[in-house]
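Colleague: Be aware that the sequence shown starts at 13, since it is given in my numbering, and climbs by one per residue.
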Amino acid sequence: MLLRGNYQGSSFSELLRVDYPQLVPDAVSGLPESGLAFPHGTTVLAFRYAEGVLVAGDRLATEGHRVASRAIEKVFETDAYSLMAISGAAGPCIEMARILSVELEHYEKIEGEALELEGKANKLAQMIRQNLPAAMQGLVVVPLFAGYDPRRRVGRLWKYDITGGRYEETDYEATGSGGLYARESLKTEWSGTLTRDEAVATAVRALSRAADEDRATGGVDLERRIFPIVKLASDGRISQAPEDEIEGIYREVLAQRSAGGAS
């Protein structure tokens, strides 16, 4: 494919920076004044299971002690094999997930083949590093990235720090305000041999326990019919757990709590 302009590579971000700088979002301008609250996404988690990898997140966004949104989406499909879960300043997080999706699509069109999963994780690390000036002023982006690696035929996942540091986790990870409680739940229930149904149930219980301990984590809202987003990446396919399934698992959690059992 013949490209016009000065940039001739396969990076969409670099294409914008070199040939269309007026379209590049300014990461520093327009930041809120110090001390001003802005919406934050809270708890997300990811773990491997027998067929691939699962990524899930609650739906609550907070603005200081106020509810900013009860139904924000925190788990995004970045291509046919990978998922990104956002935690941190909601606006930059969502924008980064969307740009990553375009970046991966652009790369595949230019190169004629998809970037390998580890390359996708590296691309996200670069984007987080570019966000560092904004992060130092409070607009922190700390996502999880996971997907199915068709070359290795396994699910893989990564966590990040605000400088763009990338760390692959072999089992599970959770981040956000309720991440500690979600990890504690996964520590007792996780196994690499979990089936698809067992994995969904494990994720819902972990988010429910995090919501029980952390006021910024949304959990399941039966009154408003708001449920966590649970997505799974397996061999060439990304699927989402239906709300009816999540509700059934959560009602089992409530029944166990009412009976005085562990939940």
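All residues carry an ideal CB built from backbone N, CA and C; glycine is no exception.
Among the candidates E85, T175, S113 and A126, whose CA atom is the shortest distance from the CA of A146?
Modeller: As a first step, residue 146 is located in the sequence shown; it is residue number 134 there, counting from the start. Of the candidates E85, T175, S113 and A126, the one whose C-alpha sits nearest the C-alpha of A146 is T175.
Colleague: CB L129 to CB K135, shorter than 8 Å?
Modeller: Against the sequence shown, residue 129 aligns to sequence position 117. Against the sequence shown, residue 135 aligns to sequence position 123. Not closer than 8 Å, so no.
Colleague: Who pairs with M96 in a beta bridge, going by DSSP?
Modeller: As a working mapping, residue 96 is identified with position 84 in the sequence shown. M96 pairs with F88 and F157.
Colleague: In chain order, what residues of the same chain lie with their CB nearer than 7 Å to the CB of Y262, ignoring the 5 residues before and after it?
Modeller: Taking the sequence shown and counting its residues from 1, the one referred to as residue 262 is at position 250. Contacts found: V216, S220 and V232.
Colleague: Suppose contacts are defined by Cβ-Cβ distances below 8 Å. Is Y172 in contact with R178 by that definition?
Modeller: On the sequence shown, position 160 is the one that residue 172 refers to. On the sequence shown, position 166 is the one that residue 178 refers to. For Y172 and R178, yes; Cβs fall inside 8 Å.
Colleague: Do three or more CB pairs link the stretch 50-59 to the stretch 188-202 at distances below 8 Å?
Modeller: Yes, they touch.
Colleague: So which of T74, E89 and T214 has the shortest CA-CA distance to E115?
Modeller: Taking the first residue of the sequence shown as position 1, residue 115 is located at position 103. Among T74, E89 and T214, the Cα nearest to that of E115 is on E89.
Colleague: Ignore the nearest five residues each way along the sequence and tell me which others in M139's own chain have a CB closer than 6 Å to its CB.
Modeller: As a first step, residue 139 must be located in the sequence shown, where it is residue number 127. Same-chain partners within the cutoff: M108.
Colleague: In chain order, which beta strand (DSSP E) runs of at least 3 residues are fully inside the stretch 128-184?
Modeller: Within the stretch 128-184, the complete beta strand (DSSP E) runs of at least 3 residues are 156-161, 166-172 and 178-181.
Colleague: Starting from the C-beta of A267, find all residues in its chain whose C-beta is less than 7 Å away, skip the five residues before and the five after it, and write them out in chain order.
Modeller: Indexing the sequence shown from 1 puts residue 267 at position 255. Same-chain partners within the cutoff: there are none.
Colleague: In the DSSP assignment, the alpha helix (DSSP H) including L206 goes from what residue to what residue?
Modeller: The sequence position of residue 206 within the sequence shown is 194, counting from 1. From DSSP, L206 is part of no alpha helix (DSSP H); its letter is neither H nor E.
Colleague: What do you get for S270, buried or exposed, if any count of 16 or more other CB atoms within 10 angstroms of its CB means buried?
Modeller: What you label residue 270 is simply residue 258 of the sequence shown in a count that begins at 1. With fewer than 16 other Cβ atoms within 10 Å, it is exposed.
Colleague: Output needed for T182: all residues of its chain with C-beta closer than 8 Å, excluding positions within five of it in sequence on either side, in chain order.
Modeller: Position 170 of the sequence shown, counted from the start, is the residue given in the question as residue 182. Excluding positions up to five away in sequence, the list reads R60.
Colleague: So, for V152: in the same chain, excluding its five sequence neighbours on each side, which residues have a beta-carbon less than 7 Å away from its beta-carbon?
Modeller: Walking along the sequence shown from the start, residue 152 turns up at place 140. Correct list, in chain order: G100, A101 and I174.
Colleague: Indicate whether K121 and G159 have their beta-carbon atoms separated by less than 8 Å.
Modeller: Reading the sequence shown from its first residue, position 109 is the one you call residue 121. Reading the sequence shown from its first residue, position 147 is the one you call residue 159. No, the Cβ-Cβ distance between K121 and G159 is not below 8 Å.
Colleague: Consult DSSP for L72 and reduce its assignment to one of helix, strand or coil.
Modeller: Sequence index remark: in the sequence shown, residue 72 carries index 60 (1-based). L72 falls in the coil class under three-state DSSP.
Colleague: Within 8 Å (strictly less), CB to CB, does A215 reach chain B?
Modeller: Within the model displayed, chain B is absent; a lone protein chain is all it includes.
Colleague: Please report how far the alpha carbon of A92 lies from the alpha carbon of R249, in whole angstroms.
Modeller: By 1-based counting over the sequence shown, the position of residue 92 is 80. By 1-based counting over the sequence shown, the position of residue 249 is 237. Each residue's Cα considered, the two are about 6 Å apart.
Colleague: Under the rule that 16 or more other beta-carbon atoms within 10 Å means buried, what is G76, buried or exposed?
Modeller: Along the sequence shown, one-based indexing puts residue 76 at 64. Per the 10 Å Cβ criterion, exposed.
Colleague: Could you tell me which residues DSSP pairs with G64 in its beta bridges?
Modeller: As a position in the sequence shown, residue 64 is number 52, starting the count at 1. Y61.
Colleague: The beta strand (DSSP E) that contains I250, what's its start and end?
Modeller: Here residue 250 refers to the residue found at position 238 of the sequence shown. First-last of the beta strand (DSSP E) with I250: R249 to Q252.
Colleague: With C-beta atoms as the reference, is V67 less than 8 Å away from L95?
Modeller: Your numbering for residue 67 matches position 55 in the sequence shown. Your numbering for residue 95 matches position 83 in the sequence shown. Cβ atoms of V67 and L95: closer than 8 Å.
Colleague: Could you compute how far the alpha carbon of A253 sits from the alpha carbon of L144?
Modeller: Position 241 of the sequence shown, counted from the first residue, corresponds to residue 253. Position 132 of the sequence shown, counted from the first residue, corresponds to residue 144. If I take the Cα positions, the gap works out to 34 Å.
Colleague: Grab the span of the alpha helix (DSSP H) containing V265 for me, first residue to last.
Modeller: Sequence index remark: in the sequence shown, residue 265 carries index 253 (1-based). Start and end: E255 to S270.
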